[in-house]
Structures are given as structure tokens and as C-alpha cells.
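For reference, the structure discussed in these notes is given below.
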Amino acid sequence: MLALFDASDVSSYAEPHGRAEHIWDRILARDGLTVFVSDADNRIVATCMLVTIPNLLRGGRQHAFIENVVTHPDYQRQGYGRAVVGAALDEAWRQDCHHVLLQSGRTDPRVHRFYESCGFTPGLRTSYAALRPTGAS
59 MLALFDASDV SSYAEPHGRA EHIWDRILAR DGLTVFVSDA DNRIVATCML VTIPNLLRGG
119 RQHAFIENVV THPDYQRQGY GRAVVGAALD EAWRQDCHHV LLQSGRTDPR VHRFYESCGF
179 TPGLRTSYAA LRPTGAS
């Protein structure tokens, strides 16, 4: 997984390998978080994470988020990214989630077209982000 992150444009956000291994253990132990991968040539070439959260609204149906969608640059436009996103959506629907949200900070229109082609509709909700203040403990 770290090799995939290192090869992609998210590499500047990836944690150092030692710290990443500790975080990975926490990810694997967390209920409601599922990691999807697609492999080719004996390596992981695409991934995403599905986070499902219990909900007191919408008839008690969970809601879900897809995060960390990454495809190795050498394997883009070959269906690997679509496969992991599709598997995540299938799992969300299997778990009877009300909806699945995906946010993107990317400005490349090709990325947005990709998400739309996977079934996401832009503009249905307004998204806000609070950034951690400098020096916050």
C-alpha cells in the first residue's frame, strides 16, 4: 500500500513508513472501516477505504464515506480504480447504507469525471472543512 502511495500524487501526504505501519494496524482493527485493493503484476495498484457509520436518522440506515481513492499512475484508465470504488459502493449498499459520500480536493476535471462515471453526483450537498489550528494539542 505504501509503495502505491509513494508512486502517486498523494505521496506528499503519506506518513513515514514506520509511523504508517502503526496506523495501518489501527485501520485494520477498526470496526466500520473496510479497505479495498486491486492488484496487478503482484502489487497493489489501486485502493480506497469505505467508512460506515451508524445513524439515528434515515430509518437507522448507516451512511458511508469513501476516502483515499488512489490508483498507481501506470495503471490509471484501466479499470482498477473503478473496481475498488465499485466494490466499496457494493459493500455500502449491501450494508443498507442510506448514501455514500465522497469528497475530493482535486481540481483536475478528469478526476471529477471519473467519480461521476462511478455514480457520484456533484453538488447535492455543501461540504465544509475545519482545519486543525497551528499549535493545537
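In the working numbering, the protein residues as written are 59 to 195. Each residue gets a CB set at the ideal place from its N, CA and C atoms; glycine is no exception. These numbers were taken from a predicted model, which means no experiment stands behind them.
Indicate whether residue i and residue j have their beta-carbon atoms separated by less than 7 Å.
| i | j | result |
| --- | --- | --- |
| valine 103 | tyrosine 138 | yes |
| valine 143 | alanine 150 | no |
| valine 128 | valine 68 | yes |
Nearest by alpha-carbon distance to residue i: which of the options is it?
| i | options | result |
| --- | --- | --- |
| valine 95 | Leu86, Ala87, Ile85, Met107 | Met107 |
| glutamine 46 | Leu91, Asp97, Asp67, Thr110 | With the chain covering 59 to 195 only, the question about residue 46 has no answer from this structure. |
| arginine 152 | Val128, Gly177, Arg164, His121 | His121 |
| arginine 140 | Pro74, Thr192, Cys176 | Cys176 |
To the nearest angstrom, how far is it from the Cα of residue i to the Cα of residue j?
| i | j | result |
| --- | --- | --- |
| alanine 61 | histidine 130 | 9 Å |
| glycine 118 | tyrosine 133 | 39 Å |
| glycine 76 | alanine 187 | 28 Å |
| proline 112 | alanine 194 | 29 Å |
| arginine 101 | tryptophan 82 | 17 Å |
Assuming residue i and residue j form a contact by the criterion Cβ under 8 Å, report the distance between their Cβ atoms to the nearest whole angstrom.
| i | j | result |
| --- | --- | --- |
| isoleucine 124 | leucine 182 | 15 Å between Cβ atoms; not a contact. |
| histidine 156 | arginine 116 | 4 Å |
Report yes if the C-beta of residue i is less than 6 Å from at least one heavy atom of the ligand SAH; otherwise report no.
| i | result |
| --- | --- |
| alanine 78 | Looking at this structure, you won't find the ligand SAH or any other ligand, since it has none at all. |
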